[in-house]
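Inspection log for the structure reproduced underneath, given as structure tokens.
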Amino acid sequence: MDKKTFNIILTGVGGQGIITLLQIIDEAALVEGLEVKSSELHGLSQRGGSVEAHVRFGKKVFSPMVSTGKADLIIAMEALEALRESVKAGKQTKILVNEYFLPFLNSLPKEEILKQLKETKKNFYLIPASQDCKEKLQNEIVCTAYLLGYAVGKKLMPLKKESVMQAMKNMIPQKYLDLNIKAFELGHGN
Amino acid sequence: MKKVLLGNEAIVRGALAAGVSFVSGYPGCPSAEIGDEFGKIAEANGVYAEYSTNEKVALEAAIGASFSGLKSLVNMKSFGINVCSDSLLPLAYTGTKAPMVIFVGDDPSCWSSAQSEQDSRGYAYLSHIPFLEPSSPQECYDFTKLGFEISEKFNIPVILRVTTRVAHQRAIVNFEERVKSEVKGEFIRNPHQFSTMPPRVMEMKGELLEKLKKIEIFAEKSKVNFIINKSASSKLGVITSGISYMHTLEAFEEMGIQLPVLRLGFFYPLPRKKIAEFMKGKKNILVAEELNSYLEKEIKAIANDMGIKVKIFGKDILPEIGELNTDKILSATAKIIGKKITTFKVKQINLPRRTARLCEGCPYWHVFPVLKRIAPEGTVFGGDIGCNMIGALPPHNLYDYLFDMGAGLGISHGVKKSTSQKVITIMGDGTFFHSGIAPLINSVYNKSNPLVIILDNRITAMTGHQPNPGMGKNLMGKDAPELSIEEIVKACGVKNLKVLDPINMPEFENTVKEFLGKEEVSVIICKRICALLARRQAKK
Ligand SMILES: Cc1ncc(C[n+]2csc(CCOP(=O)(O)OP(=O)(O)O)c2C)c(N)n1
Ligand code: SF4
């Protein structure tokens with residue numbers, strides 16, 4: 001990759017597996033010999049509220065956090081959270097959105113969320129990761145690996161497929177590895 | 191070894207590399223990964239690890255270990271230091287025998303803290319204990335080792351003050367393998383050192399202050415207080431610490447400038463000479479510190495004492511509330527050096543807030559709505575710390591006050607004594623063992639009659655599902671005596687007591703109604719396992 005640091009924001013709802021996704025990206029960057037820093041939240045913030053984690057990699061990284069407007073890629077695990085984060089997307093920011101809705105009290109209807117997403121005129125990639133995983137793999141949770149596969153396949157993220165595969169092997173317990181690799185391939189080929 | 195580690199994992203590695211043999215603590219955010227990790231690996235590494243009943247007890251356990259010759263690590267979140275402070279202050283006086291490092295995790299911006307945006311650095315002044323502040327996971331590792339070194343050299347505990355953005359930061363860390371250390375110590379009698387009693391206690395204070403002078407000399411030479419970009423322009427110099435150092439460098443990178451920076455790894459004692467040297471000849475100084483203005487005040491005093499003419503900026507251009515970030519430091523720097531910057535404008539959109547919520551199937555879903563429905567008009571509700579805090583949020587909006595662990599019942603007693611209103615007060619099982627028993631005894635002894643609901647979900651849930659004394663397991667996964675909350679409540683003299691499963695609604699409702707009419711304090715123990723824990727156990 002070139003000199004510039006690559007900035008990713010991961011967003012979604014506590015409990016959606018954001019930290020696992022972050023760990024795989026971190027590890028893949030390490031495999032590629034890059035410097036990497038990331039920042040995550042635990043505790044109360046993980047109890048079903050909105051969560052945001054940051055990953056930065058490149059030749060030299062100082063702060064573990066992405067400055068407002070400086071993200072190259074936002075991966076949103078949920079549509080309303082994508083909309084919430086979209087206000088911090090700059091011109092260069094690509095937003096990969098899992099077309100998935102976790103409603104809550106006073107939440108917006110699906111159609112409204114999709115409409116508002118379109119209205120922001122930001123650079124969205126809306127994909128049915130959860131749905132695809134549920135249909136083809138009978139497991140929604142692995143949509144994180146699916147999204148990662150998609151991001152790598154479409155070159156939304158400057159990490160090689162092999163590095164990410166290696167990272168998954170290093171980070172994911174044997175029991176769940178196969179399923180995650182399948183989800184990754186599914187997203188990658190999409 | 192080289193791996194991506196979480197700041198807290200790096201602390202564990204650092205302690206292992208320093209030869210730690212005794213680990214005690216109490217879970218919280220952002221510290222729990224330390225205790226949790228030791229729970230998993232302690233046995234294989236010949237280390238003893240426990241979650242104690244609270245932070246005060248945890249510190250005392252480590253003091254015992256230290257006096258017996260074992261290297262110890264204590265771990266807690268910010269608020270834990272309040273709880274253990276009563277033992278912390280005399281510990282500074284006695285000093286340690288074997289080295290001790292105390293980890294305190296602060297949480298600027300209150301990402302996972304309800305009660306206050308605490309800046310624990312203030313305890314340095316109260317206790318006279320050295321404070322170190324790492325800026326990265328690598329420094330978490332290095333500073334833990336350094337902490338043990340300083341503690342060994344000066345026979346004083348060392349506090350590692352780490353914030354969320356460092357403790358929960360992942361980065362590449364170079365580390366070494368574990369160093370074997372003592373497993374069994376020996377307590378050798380030495381009341382001269384270990385007992386604080388007048389007149390000796392005053393002498394000990396003198397010894398402590400002497401030690402601090404030596405530690406300050408050590409700090410002056412220490413590599414953890416360093417200067418970068420020394421030769422660069424002297425219009426402005428930045429003095430910073432912790433994560434703010436990283437944000438400062440990032441801000442410089444974004445602005446394409448290089449200004450001199452003094453990074454302080456020691457918060458206490460400060461290398462006063464080094465700070466003075468750094469300030470000399472500069473026109474402006476920016477103190478980039480998070481939360482309180484401790485450094486700024488010290489630095490202003492140093493400039494004043496040493497007659498250094500320099501303009502010092504701090505909380506006048508950086509916020510005292512909330513964590514700092516690159517953007518905030520960038521605009522403060524730009525303001526001082528008069529550089530025009532374009533900031534990214536966030537277009538506000540109005541979206542419904544997604545707050546924390548109870549998990550699906552959480553036992554508390556069976557408790558909060560019932561209480562709300564059947565409590566008579568005007569009933570006062572006391573909340574406490576844990577997943578039950580979520581009862582303060584919509585759709586429950588239950589609580590009238592929410593403080594710190596165990597405080598719900600303590601305050602409820604006062605309300606009950608002062609009014610003729612009904613009071614219902616809630617606490618978790620973990621909190622009961624941590625600090626709920628003393629206020630219960632107070633209610634019995636001083637005769638008030640709140641209705642206490644103990645939510646016994648069989649675990650300390652909010653902080654990541656840690657064991658507590660009511661579960662029959664300890665941190666290292668071994669069988670432990672299962673303390674019965676019911677028996678303890680009885681022994682405290684509570685007459686009106688019922689243990690029930692809240693899913694049995696009529697029984698719960700009737701008991702609440704009955705107990706609200708009692709003249710003495712009453713307790714309902716709602717016993718039903720945390721749904722998340724149950725699902726996890728089913729998976730295994
Ligand atoms: C002095 C202090 N130590 C630690 C914490 C961190 N903390 C927040 S919630 C909580 C768990 C309380 O457990 P429990 O009472 O069992 O409630 P649950 O989460 O299971 O509902 C702890 C330890 C704190 N807030 N204050
Ligand atoms: S973790 Fe357990 S106690 Fe906490 S909200 Fe979820 S089910 Fe309830």
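Chains as they are written, first to last, in our numbering: chain A, 1 to 190; chain B, 191 to 730.
Every residue, glycine too, gets a C-beta built ideally from N, C-alpha and C.
Sort the options by Cα distance to residue i and report the nearest one.
i, options, result
"Thr569 (chain B)", "B:Ile714, B:Phe257, B:Ala628, B:Val613", "B:Val613"
"Asn265 (chain B)", "B:Cys219, B:Gly254, B:Asn235", "B:Cys219"
"Val451 (chain B)", "B:Tyr458, B:Ala466, B:Phe416, B:Leu460", "B:Phe416"
"Lys134 (chain A)", "A:Ser107, A:Lys155, A:Gln166, A:Asn180", "A:Asn180"
"Met737 (chain B)", "B:Gly654, B:Asn647, B:Met652", "Here chain B comprises residues numbered 191 to 730, so residue 737 (chain B) is not present and cannot be evaluated."
"Leu630 (chain B)", "B:Glu245, B:Arg453, B:Asn686", "B:Asn686"
"Thr20 (chain A)", "A:Gly33, A:Thr5, A:Val55, A:Asn7", "A:Val55"
"Ala681 (chain B)", "B:Lys562, B:Ser610, B:Ile627", "B:Ile627"
"Arg390 (chain B)", "B:Ile511, B:Glu307, B:Pro280", "B:Pro280"
"Thr650 (chain B)", "B:Phe623, B:Val500, B:Leu249, B:Glu467", "B:Phe623"
"Tyr635 (chain B)", "B:Lys529, B:Val711, B:Glu406", "B:Val711"
"Lys529 (chain B)", "B:Thr545, B:Gly446, B:Glu233, B:Lys501", "B:Gly446"
"Gly259 (chain B)", "B:Ile224, B:Glu372, B:Ala251", "B:Glu372"
"Val352 (chain B)", "B:Asn198, B:Gln448, B:Thr243", "B:Asn198"
"Val477 (chain B)", "B:Val689, B:Gly432, B:Gly504", "B:Gly504"
Using 7 Å as the cut-off, classify the Cβ of residue i as near or not near the heavy atoms of ligand 2, replying yes or no.
i, result
"Asn694 (chain B)", "no"
"Ala721 (chain B)", "yes"
"Asn647 (chain B)", "yes"
"Cys716 (chain B)", "no"
"Tyr589 (chain B)", "no"
"Leu138 (chain B)", "Coverage of chain B is limited to positions 191 through 730, which leaves residue 138 (chain B) absent and any answer about it impossible."
"Cys552 (chain B)", "yes"
"Arg47 (chain A)", "yes"
"Cys549 (chain B)", "yes"
For residue i, is the classification buried or exposed, using 16 other Cβ atoms within 10 angstroms of its Cβ as the cut-off for buried?
i, result
"Asp495 (chain B)", "exposed"
"Gln138 (chain A)", "exposed"
"Arg379 (chain B)", "exposed"
"Leu399 (chain B)", "exposed"
"Glu81 (chain A)", "buried"
"Asp309 (chain B)", "buried"
"Pro509 (chain B)", "exposed"
"Pro659 (chain B)", "buried"
"His382 (chain B)", "exposed"
"Asn98 (chain A)", "buried"
"Val536 (chain B)", "exposed"
How is the alpha helix (DSSP H) around residue i delimited, first residue to last?
i, result
"Lys404 (chain B)", "390–411"
"Asp646 (chain B)", "That residue, Asp646 (chain B), is in no alpha helix (DSSP H); its beta strand (DSSP E) goes 641–646."
"Asn494 (chain B)", "484–495"
"Asn700 (chain B)", "695–706"
"Tyr176 (chain A)", "174–188"
Which stretch, first to last residue, makes up the beta strand (DSSP E) that contains residue i?
i, result
"Gly572 (chain B)", "570–572"
"Gln656 (chain B)", "No beta strand (DSSP E) contains Gln656 (chain B), which DSSP labels as neither H nor E."
"Asn474 (chain B)", "474–478"
"Gly576 (chain B)", "Counting along the chain, Gly576 (chain B) falls outside any beta strand (DSSP E), and DSSP gives it neither H nor E."
"Arg351 (chain B)", "348–353"
"Val87 (chain A)", "Counting along the chain, Val87 (chain A) falls outside any beta strand (DSSP E), and DSSP gives it neither H nor E."
"Asn198 (chain B)", "First-last for Asn198 (chain B): 197–207, but that is the alpha helix (DSSP H), not the beta strand (DSSP E)."
Would you say residue i touches ligand 1, meaning its beta carbon is less than 7 Å from a heavy atom?
i, result
"Ala651 (chain B)", "yes"
"Leu592 (chain B)", "no"
"Tyr313 (chain B)", "no"
"Thr532 (chain B)", "no"
"Val179 (chain B)", "Residue 179 (chain B) cannot be examined here, being either before or after the span of chain B that is shown, 191 to 730."
"Phe269 (chain B)", "yes"
"Gly229 (chain B)", "no"
"Ile575 (chain B)", "yes"
"Glu245 (chain B)", "yes"
"Gly629 (chain B)", "For the record, residue 629 (chain B) in the displayed sequence is Pro; it is not Gly. Pro629 (chain B) Cβ: outside cutoff for every heavy atom of ligand 1."
"Asn235 (chain B)", "no"
"Asn380 (chain B)", "no"
"Met661 (chain B)", "no"
"Asn578 (chain B)", "yes"
"Tyr241 (chain B)", "no"
"Gly707 (chain B)", "no"
Exercise. Pick out the complete beta strand (DSSP E) segments inside the segment 92–157 of chain A, 3 residues or longer, and give them in chain order.
Key: 94–98, 123–127
Practice problem: Could I get the ranges of all uninterrupted alpha helix (DSSP H) runs contained in the segment 248–335 of chain B, with 4 residues as the minimum, in chain order? | Solution: Within the segment 248–335 of chain B, the complete alpha helix (DSSP H) runs of at least 4 residues are 268–284, 312–317.
Quiz item: Unbroken beta strand (DSSP E) runs of length 3 or more, entirely within the segment 551–639 of chain B: which are they?
Solution: Here the runs fully enclosed are 570–572, 613–618.
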